[in-house]
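Keeping their order, the protein sequence lines are chains A and B.
Per the UniProt record's numbering, the very first residue in the first sequence carries number 1; after that it's consecutive.
Per the UniProt record's numbering, the very first residue in the second sequence carries number 1; after that it's consecutive.
The block underneath contains the structure these notes are about, expressed in structure tokens.
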Amino acid sequence: MKRKLTGFAALAALAIMAQAGTAAAQDCAVKVGVVYPTSIDWGKPIAATALWVTDMINEAGGIDGCKFEAVLRDDQSDPKVGVDAAKALVDLDKVQLLLGTVASGVTIPMLTSVTAPAGVMQMSCCSSSNRLTQIAAEGTTKGLWFRTFATSNVQASVAAILARDSGYKTISILYKNDDWGQDIAKLAAAAFEAAGVTVVGSTAITDGQPSYRAEVTEALGAKADAVYMAIYPKEGISVVREWLSLGGTQNIIGTNSLKSDEFKEAVGMRYLANFQGTDTSTPRTDSATAFVDAYTAQFGAAPSGPGLPNSFDAAAIALLAYAAAGKDAKGADIAAKVPMVTDPAGEKIGGTVEGFTKALALLKEGKSVSYQGGTGAVVFDANGDVSAPAVAWAFGDSGIEEKRYIPLEEVGAFMDSMAK
Amino acid sequence: MIGLISYIAFFATMAGIMAIAVLGLNLQWGNTGLFNGGVVAFFGMGAYGTMILGGRPEAEQFGGFELPFLIAFAGGILAAGLMAWVVGKLTLRLRHDYLAIATFGVAIAFESVTRNAEWLTGGAKGLRGFPRPFEAAIGDGFTYGLVFLALVLAVLIVVYVGLERLVRAPYGRVLRAIREDEVAARSLGKDPARMRLQAFIIGSMIMGAAGGLYVTFYAFVSPQDMAPILTFQLWAMLIVGGAGNNRGAVLGAFLIWGAWTLSGFALARYAPASMQLYAGSVQYILIGLVIVGMLLWRPQGLVPERIGKTFNDRAAKAPTNTGAHQA
Numbered sequence: 001m002k003r004k005l006t007g008f009a010a011l012a013a014l015a016i017m018a019q020a021g022t023a024a025a026q027d028c029a030v031k032v033g034v035v036y037p038t039s040i041d042w043g044k045p046i047a048a049t050a051l052w053v054t055d056m057i058n059e060a061g062g063i064d065g066c067k068f069e070a071v072l073r074d075d076q077s078d079p080k081v082g083v084d085a086a087k088a089l090v091d092l093d094k095v096q097l098l099l100g101t102v103a104s105g106v107t108i109p110m111l112t113s114v115t116a117p118a119g120v121m122q123m124s125c126c127s128s129s130n131r132l133t134q135i136a137a138e139g140t141t142k143g144l145w146f147r148t149f150a151t152s153n154v155q156a157s158v159a160a161i162l163a164r165d166s167g168y169k170t171i172s173i174l175y176k177n178d179d180w181g182q183d184i185a186k187l188a189a190a191a192f193e194a195a196g197v198t199v200v201g202s203t204a205i206t207d208g209q210p211s212y213r214a215e216v217t218e219a220l221g222a223k224a225d226a227v228y229m230a231i232y233p234k235e236g237i238s239v240v241r242e243w244l245s246l247g248g249t250q251n252i253i254g255t256n257s258l259k260s261d262e263f264k265e266a267v268g269m270r271y272l273a274n275f276q277g278t279d280t281s282t283p284r285t286d287s288a289t290a291f292v293d294a295y296t297a298q299f300g301a302a303p304s305g306p307g308l309p310n311s312f313d314a315a316a317i318a319l320l321a322y323a324a325a326g327k328d329a330k331g332a333d334i335a336a337k338v339p340m341v342t343d344p345a346g347e348k349i350g351g352t353v354e355g356f357t358k359a360l361a362l363l364k365e366g367k368s369v370s371y372q373g374g375t376g377a378v379v380f381d382a383n384g385d386v387s388a389p390a391v392a393w394a395f396g397d398s399g400i401e402e403k404r405y406i407p408l409e410e411v412g413a414f415m416d417s418m419a420k
Numbered sequence: 001m002i003g004l005i006s007y008i009a010f011f012a013t014m015a016g017i018m019a020i021a022v023l024g025l026n027l028q029w030g031n032t033g034l035f036n037g038g039v040v041a042f043f044g045m046g047a048y049g050t051m052i053l054g055g056r057p058e059a060e061q062f063g064g065f066e067l068p069f070l071i072a073f074a075g076g077i078l079a080a081g082l083m084a085w086v087v088g089k090l091t092l093r094l095r096h097d098y099l100a101i102a103t104f105g106v107a108i109a110f111e112s113v114t115r116n117a118e119w120l121t122g123g124a125k126g127l128r129g130f131p132r133p134f135e136a137a138i139g140d141g142f143t144y145g146l147v148f149l150a151l152v153l154a155v156l157i158v159v160y161v162g163l164e165r166l167v168r169a170p171y172g173r174v175l176r177a178i179r180e181d182e183v184a185a186r187s188l189g190k191d192p193a194r195m196r197l198q199a200f201i202i203g204s205m206i207m208g209a210a211g212g213l214y215v216t217f218y219a220f221v222s223p224q225d226m227a228p229i230l231t232f233q234l235w236a237m238l239i240v241g242g243a244g245n246n247r248g249a250v251l252g253a254f255l256i257w258g259a260w261t262l263s264g265f266a267l268a269r270y271a272p273a274s275m276q277l278y279a280g281s282v283q284y285i286l287i288g289l290v291i292v293g294m295l296l297w298r299p300q301g302l303v304p305e306r307i308g309k310t311f312n313d314r315a316a317k318a319p320t321n322t323g324a325h326q327a
């Protein structure tokens with residue numbers, strides 16, 4: 001009897017929730033699904049940024065006189081939980097647009113088993129796996145998939161350009177042992193070879209080890225001119241300390257993940273004179289600083305975690321495209337409007353309430369705009385990937401200094417030369 | 001309405017898959033007293049085995065043999081059984097917490113292998129593109145969801161009925177005898193080591209079957225799926241449902257997975273806007289409270305084991321005690 005009651009209660013609860021869903025829809029709110037790992041410390045600000053953008057766009061006029069209503073779900077970085085959240089958003093809340101998520105292992109099943117089959121557009125801030133490019137290239141995603149995270153190919157190419165221009169002949173690679181790290185290590189190895197720099201070793205660095213002596217010793221054995229580090233600051237600090245104490249070269253090229261004051265201070269400036277970093281560019285426009293200022297004003301602290309400008313841009317581009325497509329649009333209609341928001345020939349608009357107001361007005365007239373966001377003037381390719389210009393940076397006494405700006409054309413030319 | 005049905009079917013499919021794995025765990029822990037702390041490894045072996053045998057070929061990647069679903073599925077189950085045999089041979093001499101730690105280590109090692117053996121498992125980027133069985137005939141979407149649910153429920157019923165018969169048979173009594181007092185069981189001429197290994201392998205194969213269904217459903221598997229949280233979730237299901245009782249195991253799977261997902265859904269809908277960012281953390285607290293509450297107030301689970309009752313019933317039906325022994 002008790003069991004029957006429990007089952008009945010669960011069903012009743014579901015029914016009531018479905019009822020509440022229809023009731024909420026009547027007061028003119030357009031629901032948008034947001035799935036980010038809010039129960040994880042670095043996931044919370046990513047989600048907060050997406051909600052903040054939603055509020056700004058609502059303030060700027062919303063969609064056809066209605067407001068966007070962001071329905072936030074936590075994916076716990078667990079594929080089962082993320083896919084369930086996506087399924088509930090698509091089936092019960094009837095969203096046509098879903099923002100999320102971070103871990104590629106969660107994003108991919110969400111995309112392939114929920115959003116793409118249902119014709120819902122999905123845009124992620126931070127999923128980095130090149131598996132996503134492959135899936136999109138195969139056509140499984142039906143053009144409904146986008147991400148504002150620049151794929152690692154840009155950074156890998158820039159690292160090769162830097163190594164070549166510094167005259168290194170051989171290089172050793174140390175990479176973080178996850179999808180991002182394995183991916184960038186492979187791309188970088190190909191890029192180095194294309195630039196005439198021989199890769200003499202490639203060593204995986206797994207998180208949370210008490211010591212990296214074994215890995216570092218192995219990498220040192222190759223006696224390379226330089227070392228390429230695609231690792232995060234926490235492991236990076238131990239690895240670089242071991243590396244230098246065992247007599248490793250100070251010719252280091254690092255990825256944007258090492259762009260941290262903590263790393264600089266823990267290693268020490270005097271060992272980092274020959275350190276060169278790579279990053280996809282913060283744009284030449286003022287939009288990046290505008291993002292930092294706006295974020296600081298909103299949350300009382302500068303954006304410091306990973307993926308925040310990406311989350312901002314993902315939400316802004318997706319919601320502007322939704323507004324342009326109208327409140328009855330389906331996922332494919334929204335996806336079709338994305339190029340109108342990121343048209344390089346369009347009028348430049350920034351990521352502020354004024355910018356969004358202007359963008360909404362122009363989009364309603366059928367004119368395209370060029371959105372200038374936290375990660376720059378984002379443009380998507382056919383697979384929903386971002387192509388971006390790049391920068392080389394170094395550690396200076398005052399913090400992180402930008403050394404060189406490598407425009408999209410130069411990065412593109414190098415990547416083309418690799419393909420040949 | 002279609003949306004609601006579609007979601008419930010999806011939910012039931014996931015819960016059903018986990019219920020199958022919990023049944024496997026119930027055979028190991030509930031009936032035989034083997035503390036398997038590495039459930040996710042056997043689940044994962046079934047998953048990767050099925051995917052490698054049945055998936056599509058890919059450049060620089062072992063596997064992708066495109067075998068028919070049933071063969072790939074059976075292969076995944078066998079792979080899980082094979083691993084259980086090796087692991088069991090090595091670790092089953094250990095008792096309780098020692099066995100738990102050893103099997104937990106196996107799960108961590110397994111996750112490490114899937115993350116690093118890129119040629120075999122695709123590494124961190126995972127394996128994808130399993131052609132879902134009969135997808136061409138049924139079509140993608142709503143109907144497919146229902147058909148897949150039917151498949152999962154069919155497997156669940158087969159496993160349930162099979163286990164019910166197994167544990168009611170003399171075989172099940174020996175398992176419970178070993179669980180309660182191994183020395184006594186041995187003194188009656190039983191071979192506890194062999195029985196424990198058998199139960200461990202059968203249970204692990206059932207977990208492997210759940211893993212095989214899981215990858216078939218998602219058409220994707222990555223090391224992200226191999227996190228220890230799955231072991232914890234399945235254990236929570238068994239404890240809440242009632243260890244030693246197959247009905248409890250199934251009920252626990254549906255209830256805990258329901259609580260896990262419904263709490264997120266309800267919080268997203270009803271928590272005030274200012275709280276939305278913390279809903280994920282609140283959800284963890286709620287789930288933890290349910291489990292702790294169960295352990296404190298109903299440690300035997302919602303549907304406790306009921307050996308005593310069936311035994312007494314049979315004893316009452318039997319003409320005499322000696323008669324019961326002979327039967």
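Glycine included, every Cβ here is placed at the ideal spot set by N, Cα and C.
Values in this document were obtained by computation on a predicted structure and should not be read as measured data.
- Those residues of the segment 242-266 of chain B placed with their C-beta closer than 8 Å to a C-beta in chain A are Leu251, Leu255, Gly258, Trp260, Thr261, Leu262, Gly264, Phe265 and Ala266, ordered along the chain.
- For Met123(A), the uninterrupted beta strand (DSSP E) run begins and ends at Met121 to Ser124, by DSSP.
- A contact is defined here as three or more CB-CB pairs under 8 Å, and the segment 215-223 of chain B meets this definition with respect to the segment 107-115 of chain A.
- At a cut-off of 8 Å between beta-carbon atoms, Gly105(A) makes contact with chain B.
- Measuring C-alpha to C-alpha distances from Leu153(B) to each of Ala210(B), Ala199(B) and Val183(B) identifies Ala210(B) as the nearest.
- With respect to Gly247(A), Lys259(A) sits apart: the two C-beta atoms are not nearer than 8 Å.
- The Cβ atoms of Thr103(B) and Gly37(B) lie closer than 8 Å to each other.
- Interface residue (Cβ-Cβ distance to chain A less than 8 Å): Met207(B) is not classified as such.
- Interface criterion not met: the Cβ of Pro389(A) is under 8 Å from no Cβ in chain B.
- By the Cβ-count criterion, Glu215(A) is buried, with 16 or more other Cβ atoms from all chains shown falling within 10 Å of its own Cβ.
- Within chain A, Lys87, Ala88, Asp91 and Leu92 have C-beta atoms less than 8 Å from the C-beta of Tyr7(B), given in sequence order.
- The residue among Ser304(A), Ala70(A), Glu69(A) and Gln122(A) with its C-alpha nearest the C-alpha of Asp333(A) is Gln122(A).
- Residue environment for Ser6(B): buried (at least 16 other C-beta atoms within 10 angstroms of its C-beta).
- Taking 8 Å as the CB threshold, Ser39(A) lines the interface with chain B.
- Annotated three-state conformation of Tyr168(A) is coil, per DSSP.
- An exposed status is given to Ser417(A), since fewer than 16 other beta-carbon atoms sit within 10 Å of its beta-carbon.
- Counting only the Cα atoms, Ile231(A) lies some 7 Å from Leu174(A).
- Spanning the alpha carbons of Leu4(B) and Leu92(A) requires a straight line of approximately 6 Å.
- Against chain A, the CB of Phe148(B) has no partner CB under 8 Å away; the residue lies outside that interface.
- By alpha-carbon distance to Val240(B), the top candidate from Leu188(B), Leu289(B) and Ala117(B) is Leu289(B).
- Taken in chain order, the members of the segment 211-241 of chain B whose beta-carbon sits within less than 9 Å of a beta-carbon on chain A are Tyr214, Phe217, Tyr218, Ala219, Phe220, Val221, Ser222, Pro223, Gln224, Asp225, Ala227, Ile229, Leu230 and Gln233.
- Judged by beta-carbon spacing, Leu197(B) lies beyond the 8 Å limit of Gly105(B), meaning their Cβ atoms are not closer than that value.
- Contact holds between the segment 223-241 of chain A and the segment 165-173 of chain A, because three or more Cβ pairs, one in each stretch, are under 8 Å apart.
- Pro407(A) has its alpha-carbon roughly 22 Å from the corresponding atom of Val197(A).
- Contacts with chain B at 8 Å (Cβ-Cβ) do not include Asn153(A).
- For the segment 317-342 of chain A, the full-length alpha helix (DSSP H) segments reaching 4 residues or more read 331-341 along the chain.
- For Met275(B), there is no enclosing alpha helix (DSSP H), since its DSSP letter is neither H nor E.
- Within chain B, no C-beta atom comes less than 9 Å from the C-beta of Arg147(A); the nearest is roughly 15 Å away.
- For Lys67(A), none of the residues of chain B pass the 7 Å Cβ criterion, the least Cβ distance being about 12 Å.
- Distance between Arg165(B) and Ile108(B), taken at the CA atoms: about 34 Å.
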